[in-house]
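Have a look at the structure below, then the notes.
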Amino acid sequence: MQSSSNLFPVALISAERRGDLSEDVYRLKPGNSPDATVELAVTRLGMADEPESRGVPVILLHGSFSNRRFWYSPKGIGLGAYLARQGFDVWIPEMRGHGLSRRNADYRKNRVADYAQYDLPAIGAFVREQSGQVPHWIGHSLGGITLAAALGGQYLGEPAVASAALFGCQVSRTYWPLKIPAVEWGGRFILKRFAQLSGSRLKRGPEDEPIGLALEGMRWYGLFGRFGDGQKDWWAGLSDVSLPVLAVSAAGDHQDPTWACRKLFDQLSSEHKQFVCLGREQGFSGNFGHVEMLVSKAAQAEVWPLVARWLKDQQSPLLASGSELAAAS
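At position 78 of the sequence shown (counting the first as 1) the number is 78 in UniProt numbering, and the numbers step up by one without a gap.
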């Protein structure tokens, strides 16, 4: 099959109409990482009756134990579908071993470091090639952390990113037991016996996660841990990020609390950045949760329009001035 890209082998594996939407699924084989078996599925959403009318590209990165369905349900509901109907050119990658992306040979060793250094740059390059424009990026939870790692590690930058939006994203929450070396070592010893963590057994989501991610996280939160890999300090690198950034927390999110999300936001030196907390005190209908901040009827009515406004204009405040947890600079 002829490649759909001049960058690396890409196959269009399906092209379907889903109601009023068009759904094209591509399989990318970048060949840019030590594991040559890595293949990534990327879904492109558009309007079925307006195939040539493609707006500004937006790349949506799912979180842990998840896949493309977080953004786009089989019934055509989700932020991805909403943005496509708003005229955006929507791209939804699935990380290694998730959804339509096959498990690579070294699946159990997959880490954020691999996603950030190899996969996101390849996805971004393909989207730029196909759309002819620089994409906006939106990440939820682990997707946001991966995006932050790619920015802090300078694997992605302004030539490849128009703006970045981080939902429920933080790396500052303290896990005190991991500060005890014996506990961390014992945890590593036990985890290394497994290949993956089961999303269904843990009741976290439909997908599994490679054990490499858990081991990487333990290193970050250990006694002398840092947000980075052996070569780069991603946390320090975030202070050099100057592109427009939106950070969103949820008042009812106990997994990624507002104070920790705010700390990551404050590390960024962007001239145009905004922080929004989704809670009653900020004028929202309720205190959103970690998933509900993007997947709920309330999010559909209150959050999705904010996202569309951000993508159209990164300089105007999303919330009324004076809100304690909505800052624009």
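Idealized CB from N, CA, C, for every residue including glycine.
Residues bridged to residue i [DSSP beta-bridge criterion]
| i | result |
| --- | --- |
| L197 | E209 |
| M47 | L21 |
| V303 | DSSP, once it has assigned bridges, lists no residue as partnering V303. |
| S163 | According to DSSP, which records beta bridges pairwise, S163 is partnered with nothing at all. |
| E16 | E23 |
| V58 | V90 and H136 |
| L40 | L28 |
| A11 | R27 |
| D228 | Looking at the sequence itself, residue 228 is Gly, so the reference to Asp does not match. Answer is D233. |
Spatial distance of residue i from residue j (CA atoms)
| i | j | result |
| --- | --- | --- |
| S3 | V10 | 5 Å |
| Y175 | G87 | 42 Å |
| I145 | S64 | 10 Å |
| V58 | R204 | 26 Å |
| L311 | R193 | 44 Å |
| P210 | Q314 | 35 Å |
| K232 | R18 | 43 Å |
| A251 | R280 | 8 Å |
| K29 | F8 | 7 Å |
| L325 | Q267 | Legend: pLDDT at L325 = 39, less than 50; position of this residue unreliable, value from coordinates given subsequently. Each residue's Cα considered, the two are about 16 Å apart. |
Extent of the continuous alpha helix (DSSP H) to which residue i belongs
| i | result |
| --- | --- |
| S172 | It is not in any alpha helix (DSSP H) - S172 carries neither H nor E in the DSSP assignment. |
| Q130 | L120 to S131 |
| L100 | L100 -> no alpha helix (DSSP H), and no H or E assigned at all. |
| L318 | Note, L318: premise wrong, no alpha helix (DSSP H); not H, not E. |
Cβ-Cβ distance between residue i and residue j below 8 Å
| i | j | result |
| --- | --- | --- |
| W235 | F227 | yes |
| Q117 | G153 | yes |
| V25 | L100 | yes |
| L294 | Q274 | no |
| E292 | A301 | no |
Boundaries (first-last residue) of the beta strand (DSSP E) holding residue i
| i | result |
| --- | --- |
| P93 | D89 to E94 |
| G139 | H136 to H140 |
Task: Stretch-stretch touch, CB-based, cutoff 8 Å, three pairs: the region 206-214 with the region 283-293 - done: Segments in contact, no.
Open item on the list: Pairs of beta-carbons, one from the region 104-113 and one from the region 48-65, closer than 8 Å: are there three or more?
Closed with: Contact between the region 104-113 and the region 48-65 is absent: fewer than 3 CB-CB pairs across the two stretches fall below 8 Å.
Task: Segment contact, 8 Å Cβ cut-off, at least three pairs: the region 91-100 with the region 31-49 - done: Enough Cβ pairs lie closer than 8 Å, so yes.
Open item on the list: Whether or not the region 122-141 and the region 160-172 are in contact is what I'm after, with contact meaning three or more pairs of Cβ atoms, one per stretch, closer than 8 Å; do they touch?
Closed with: They touch, by the three-pair rule.
TODO: State whether the region 250-269 contacts the region 25-39, with contact taken as three or more CB pairs (one from each stretch) at a distance under 8 Å.
DONE: Touching, no.
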